[in-house]
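Trainee:
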Amino acid sequence: LYFKTKDKGLCFLTCAVCLEDFRTEDELGVLQCRHAFHERCLVKWLEVRCSCPMCNNPISAALGLTDSHGHLLDELL
1 LYFKTKDKGL
11 CFLTCAVCLE
21 DFRTEDELGV
31 LQCRHAFHER
41 CLVKWLEVRC
51 SCPMCNNPIS
61 AALGLTDSHG
71 HLLDELL
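In UniProt numbering, the protein residues as written are 1 to 77.
1. Once the 5 residues before and after Thr14 are set aside, which same chain residues still bring their CB inside 6 Å of it?
2. Check the DSSP bridge columns for Arg38 and list the partner residues they point to.
3. In whole angstroms, give me the CA-to-CA distance for Asp26 and Phe37.
4. Who does Pro58 pair with in a DSSP beta bridge?
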């Protein structure tokens, strides 16, 4: 679904969910579309929507998941 990284060589320097800049110590979640967010922000976002906050790419469809948001979050954790 997404992978964690501390790599700051990303195109975006700000989390599109909370609008705060990434810091060196932040753990980021990067989606398959390569958009990065604070991991905590991404998990909260996915509790409400199953799409990328930047490009609106459907995440559950890409994974073939059709269950509830709770099931998707179980896959994350």
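C-beta: ideal position from N, C-alpha, C; glycine also.
Mentor: This is what the structure gives:
1. Asp21
2. According to the sequence shown, residue 38 is His rather than Arg. His38 pairs with Leu28.
3. 10 Å
4. Ser51
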